[in-house]
Each structure stands twice: as structure tokens, then as C-alpha cells.
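Below is one structure, written out as C-alpha cells, with a few remarks after it.
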Amino acid sequence: MTDLRLALLSSSTIELLQRPLTAALKERGLNSSIWIGGFGQYNQEILDPNSALYHHAPSIIVLCLDGADLFQELLENPFNSSAGTRREFAVHRADELTFLVETLASRLPQATVLLNTATVDSLNSLFGLEYNSEFGIQDALNTYNTELAMLAHRVSNVVVVDVASLAAIIGFENWRDSRMWYLARSRWSHKALHALADLYAVAIGSILGQMKKCIVVDLDNTLWGGIVGEDGIEGLRLGEDGIGRVYVEFQLELLNLYRKGVLLAICSKNNPEDALAVFRRHTAMRLHEEHFAAIRINWEDKASNLRSLAEELNIGLDSLVFLDDNPAERSWVRQAVPEVLVPDWPEDPGEYKTALLELSVRHFYKLDITAEDRQRSEVYHAQAARRKLAISTTSLEDFYRALEMRLRIGQADTFAIPRIAQLTQKTNQFNLTTRRYTEAEIRAMSLDSQYSIWWVDLSDRFGPNGVIGVLILKQESADTWTIDTFLLSCRVMGRTVEDAFLGVVARELGAARLVGEFRPTAKNAPVRDLYPRLGFRALGQGSAGQVWELDLTTVPLKLQNWFDIELIPVGALAR
Amino acid sequence: MLTKERDVDTLEKIQKIIATNLGAAPASVGPGSKASDFPEWDSLRHLVLVMDIEQAFGFKFALDEIAQLDSVEKILTAVQKRVPV
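Note that the protein sequences, when read in sequence, are chains B and R. Residue 68 is where the first sequence starts when you use the numbering used here, and the numbers rise one by one after that. Residue 6 is where the second sequence starts when you use the numbering used here, and the numbers rise one by one after that.
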């Protein structure tokens, strides 16, 4: 289990969140040590450099400010403010928050701060007047929430959790409990506390890179209504009429997940020609073969198919979510491959779309969409084309040359940091030390002169792969560097990118000696012999693995001539 | 008065909710237990366990009533009043 140090700060009593949050984090494999700020004391605790907050040294800070507290003055007498003063009030609140967040970012540069969108009870004295008269509160809330979004955009350590939408989903009647407020000065009902804990746990899971990567769907009665082998293409329920719209909307939601960078795959018991004909000929289909990174349509058992899908996509079974309307299949898969997440699925197809959206919040919660996310599925299709090329070329070197590989190498900057953090969190196989870093941590390191952080981007004749490798080095002396992190996306393993990447970076740093450590995990056996292969000599046993060194003055790293290499100046990745 | 089987069930359910909330062994909470017997049974913990009891029996206590429910016996009486036998 990962240990997590957390701080909870709030404008009202937040103690009651501790238990549900601890439980929700535990469900995600996170052990948490939670420190809780005093009632309404968040200003002092953040501003005082000697406060208990800083002694706790949290890596995640939840600053939960309720709209009813932030806008108390406006709510008590909403009839003595104009639109202009409300706006000023909201901007002033956001400025106060900005100052607090910047203080936190400077004192705890490696921590991530979770802020929340503000909302107030929908049943209030402005109901009716709001939007019709000069009086209102929603404009102030909108201003404040917009300022939050800009703050999150500007300060990378900040994540906004949309608590206002959560309250809307649950409904204010369930969100508040007057007894909790009057007896404990807590703004949330019992139910709201659990929902809030779940949402914070999801957001934290996402910051730590714990989300799933791929949704595998069944076809008959999941992607469309009916059984294609029996009902024929014309007999399927799918289209604009009646219940057929259920499946159209379900497909549209899957398509949006695809656009967010989630991989889609198919696992169905069918005759492949019957099932593929639906994709090719049914005009109401929103999903097409090109949207799926891998397809298994056959009569094999689904557990074996899921294993082979994971292998083809080069991702762990624990990155898969499997959707099937058939409870027998679900139960078999759960038993045979317990690593795969198999959610209960509604019996009523009318609930499919909602179930998928809820699943997406829970397991595919995204804080940002990187360029790599946008082109992820294309990248997997190009991978299949590369495999074909590998079979048709005669020697490995011919294959490398035929790929026409182009490397772009650069140092971490604002544009590259989110992807670098994502890679440290997701990469398991080609990862020498498996150190996981959040965006805030990478940013803090990039500002530390001891560290040098590099990324590599690979494209070839089949298209771009995006940023697929990271090197983090720490300077020990003038010409000696220790390799803190060395990783490559598993998609580009076996193409000698690592040799060129390390070679170029060592050259750019003017390093004469490199020290690297191999820290074994359950998944990184493929790189156990990387350092000896690159000419490193064993130096001894470190705290967590074997340590190696390379004297570049006697054993230079060779730069293979099948790469076209370009160094990218800081800031240029944006283009 | 615990005259019926259902009353016994109710009592056990209440004791279990209290024990879970206090992080105590189920056996340590009996029909005669009071809030003052447990240092963990503070005002916040009290609120949560009362809410858990509401959820288990499907009704809501009034604002005034909550603070007075400081023993197993008082909770049982209040629940029986709401859930007719």
C-alpha cells in the first residue's frame, strides 16, 4: 500500500470527512495519514510557517471552502448589493484564495492543493428574483468559480474538484442536513460526506495516476440491442427509433472516452464476419473498427481473450475494465482474471449511459487531456503496422532503418511536465527505478538546479508516438550524474531508443560518469540487464537494488545512425 | 421492555452501530452502556452514530432530541417510539 500524507482544511467542521475519506482511499490501495485543521482556521494555518500543517508535511492538501461560508455576507442580506459589488466581492474572495494557494505552493512545492467549486443552496431568498431582477447570487458564484479555473491553469499544483456539480448530482435536499450544521457546524449531510470522500479519493487517485486505461466491451446486448447472429443486422435495436437510441447514446459516451484517451477494445462471442458487418454496414453505428485498439471476436472464453488483449496492448490486466450484459460472463471473468475490473452492469439498458458515466468518473477521472491522450488509439493502430514491417524486413538493422525514426529530445518545461508526470506514474515495464511523481513534484524538481529532467518524443513513418521517455538525473559532482529515473513507454521498447536517449542527454550534460540503479519490481524484469548491455559496470548493492556505473571517458555511449535526432529548446514543445 | 424478539433485534442493531462507530468490540457495548462510559463517544462521533441509526431504521430524529440520546437505553426507547412494534 502507498502511504499518503494528507491535510484537510475547511471553512466549516470537516472532521467528519476523515473516516469516509480514509476508507475511500484504502479502497484504492492508499494508506492515509490525515491531519485536520481547526474549525475555520485555514487562513492562519496556511500563513503561519510554523503551523501544524507544515509539520505534517502533506503531499495532498484539501482546502474545502463552502459557498455558504464564502458568500455569507451576500446571503444574509442579498438586497443591498449590485451586480458590480457582487463581482468585486467574488474576485476578492478568489484573490484571498490565490494568496493562500501561492503561499502553500512556495512552502510545499511538491504538494498538490485540491480546491473546490462553490455553490449555495438552490432554495434561498432570491428564488424568482435571480435572473429577473438586479439581485442574485449565481453571478458571484460564477465569477468565483471562473477565477478558480484560471488559478488552476496558472498554478500547476492546483486541482479543482467540482464539488458544486457533486451537490447538484445528489441534490441539495440530500446534500445538507440542518442538524449537522446546527449541532456540529458541518455543511454536509451524512450522505454528502460519503459522496465528497469518494470524489476526493477519485481526484487523488487520478493525481497519483491510478486510473484504468482500457474499456473492453461485449457486443450483443451491450453495444447494440439484440443478438446479431440470430436477429441479423436489420433486426438489431440500434438507431433513432425508440429503445434503439439507448445504444446510440451509449456508443456516443464510449466515443467521448476514446476522445479523452481511453483505449477501447472488443471481446465478444460471435462469428467475426457477422459482428464486423454491423460495424461496416449499420448506419446508426457511432463506433467503428478504427476506434478499437484491439478486437477479439471469436468463440474462445472471455478470460483468455482478455489476457491476450492485455498482452497485445502491452498493458496490465489491472488496467482493463470489462463491460458485459451477461452476468454469467461477468462472474466467470471475475473468477478467472480477478485483476480485471468487472463492474455490475444494469439489467435495464436505459441505465447504460448513466452507468458508463459513473464508471468514467470513478475509474477514468481525468484532470487534463495531453496530446498523447488525443492520439492514443491511432498510435496503437500504427503499432500493428510496425509489427507487419518487422516481419517483412530481413534484419533488425533493416527494420530500424525502414522505420525512419525521428527523435526529439528536450528538457522539462511547462508543456512537457504533465506528460512527464503521467509517464512516471503509468510506466511499469521499462522503468529502472519506478519512482512515481506528481506534476507538482516534477515541477519542484525542474526548479531545483541539482536535477536535470529530459523527455524524448519518437515519430516514424507510421506516425507520431508522442513523448514516450523520461530521464531524470541528479548532479553529484561537476561531471558525475546519478540516474534518478529512466523510463520508456512499453510501446517503443526494442527500438534502441534508450541508447540514443541516454547518449544524447549525457553528451548535453557533459557527463563523464553516470551512476544508475536498477530497482526490481514485479513488472520491470525486461530492463534488468539494461545497464550491463549499455556498458555499465557493477558498483555494488544499493538500498533498493543493484547499482551500476559508466565511465564515459573510456566507454562512450554509441549513437546509432538510424535515428534522426533533434534537440528541442525549452518552450518549443508547445508547437 | 424487551418483550418481543423484534425488540431484541432492535437493541442488537443499535449496540452494533455504536460499537462500530466507537471502534470498540461488539461485546463492550451492552443495554446499560452510556456515552460517558466511552471517551471516544464525543459530540461529533455521537452525531455520526445517531445518523447511522437513522439510516438503519429509516427515520430522522429532531434537532433537540439528538443531544439527549446519550445512552443505549434512551436510543432504544426513541427508536421504539418511531418504529412501532
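Backbone N, C-alpha and C define an ideal beta-carbon position, used for all residues, glycine too.
Simplified DSSP state of Thr15 (chain R), which is helix, strand or coil: helix
Whole-angstrom distance between Ala32 (chain R) and Val84 (chain R), CA atom to CA atom: 21 angstroms
Beta strand (DSSP E) runs contained entirely in the segment 89-147 of chain B, provided each spans 3 or more residues: 97-103 and 127-131
Within chain R, partners of Ser245 (chain B) - CB distance below 8 angstroms: Leu68
Where the segment 37-55 of chain R meets chain B: residues whose CB sits under 8 angstroms from a CB there: Ser48, Leu49, Leu52 and Val53
Whole-angstrom C-beta distance between Leu540 (chain B) and Asp524 (chain B), which should lie under 8 angstroms: The pair is not a contact, with the Cβ atoms about 18 angstroms apart (cut-off 8 angstroms).
CA nearest to the CA of Glu425 (chain B), picked from B:Leu233, B:Ala488 and B:Ile310: B:Leu233
Proximal residues to Ser76 (chain R) (C-beta, below 6 angstroms), its chain only, five neighbours per side dropped: Lys39
Burial state of Leu84 (chain B) (16 or more Cβ within 10 Å): buried
Residue-chain proximity (His257 (chain B), chain R), Cβ-Cβ < 8 angstroms: yes
Chain-ordered chain R contacts of Ala91 (chain B) [CB-CB under 9 angstroms]: None at all; the shortest Cβ gap to chain R is about 16 angstroms.
When B:Gly292, B:Pro636, B:Phe568 and B:Cys334 are compared against His349 (chain B), the one with the closest alpha-carbon: B:Gly292
Residues near Pro623 (chain B) by beta carbon distance below 6 angstroms, same chain, minus five either side: none
Min CB distance Arg642 (chain B) to chain R below 8 angstroms: Confidence in Arg642 (chain B) is poor, its pLDDT being 42 and thus under 50, which makes the residue's placement unreliable; the coordinate value appears in the next sentence. It does not: the Cβ of Arg642 (chain B) has no partner Cβ on chain R nearer than 8 angstroms.
Assigned secondary structure, Ala185 (chain B) (DSSP; H/G/I helix, E/B strand, else coil): coil
Gln60 (chain R) at chain B interface by Cβ criterion, 8 angstroms: yes
Contact with chain B by Leu71 (chain R), beta-carbon distance below 8 angstroms: Here residue 71 (chain R) is Ile; the residue named in the question, Leu, does not match the sequence. By this cut-off, Ile71 (chain R) is an interface position.
Cβ-based burial, Tyr673 (chain B) [other Cβ within 10 Å; buried from 16]: In the structure as shown, chain B begins at 68 and stops at 642. Residue 673 (chain B) is therefore absent and cannot be evaluated.
Of the listed residues B:Gly602, B:Leu167, B:Val284 and B:Leu354, nearest to Gly583 (chain B) (C-alpha basis): B:Gly602
Members of the segment 426-445 of chain B near chain R, C-beta cut-off 9 angstroms: none
Stretch-stretch touch, CB-based, cutoff 8 angstroms, three pairs: the segment 494-508 of chain B with the segment 174-194 of chain B: yes
C-beta atoms of Lys279 (chain B) and Leu387 (chain B) nearer than 8 angstroms: yes
Span of the alpha helix (DSSP H), counted from its first residue to its last, around Phe166 (chain B): Ala150 to Arg174
Beta-carbon neighbours of Tyr249 (chain B), restricted to chain R and to distances below 9 angstroms: Leu68
CB contact check: Leu83 (chain B) to chain R, cutoff 8 angstroms: yes
First and last residue of the uninterrupted beta strand (DSSP E) at Ala579 (chain B): No beta strand (DSSP E) contains Ala579 (chain B), which DSSP labels as neither H nor E.
Residue environment, Ala172 (chain B), which counts as buried when at least 16 other CB atoms sit within 10 Å: buried
Every unbroken beta strand (DSSP E) within the segment 187-247 of chain B, with a cutoff of 3 residues, ordered by chain: 225-228
Cα-Cα separation, Leu555 (chain B) to Arg580 (chain B): 22 angstroms
Cβ-based neighbour list, Arg642 (chain B), same chain, cut-off 7 angstroms, excluding 5 preceding and 5 following: Any reading at Arg642 (chain B) is ruled out, since the residue's pLDDT is 42, under 50, leaving its predicted position unreliable.
As assigned by DSSP and simplified to three states, the class of Val74 (chain B): Before going further, note that residue 74 (chain B) is Ala rather than Val in the sequence given. Here Ala74 (chain B) sits in strand by DSSP.
Per-residue DSSP class, three states only, for Val283 (chain B): strand
Within the segment 328-389 of chain B, ranges of the beta strand (DSSP E) (whole runs, at least 3 residues): 330-336 and 359-365
Assigned secondary structure, Arg642 (chain B) (DSSP; H/G/I helix, E/B strand, else coil): Unreliable positioning characterises Arg642 (chain B) in this predicted model, as indicated by a pLDDT of 42, which lies under 50. The coordinate reading is nonetheless provided below. In the structure shown, Arg642 (chain B) sits in coil (DSSP, three-state: anything other than H, G, I, E or B).
Rounded separation between Thr165 (chain B) and Leu463 (chain B) - CA only: 55 angstroms
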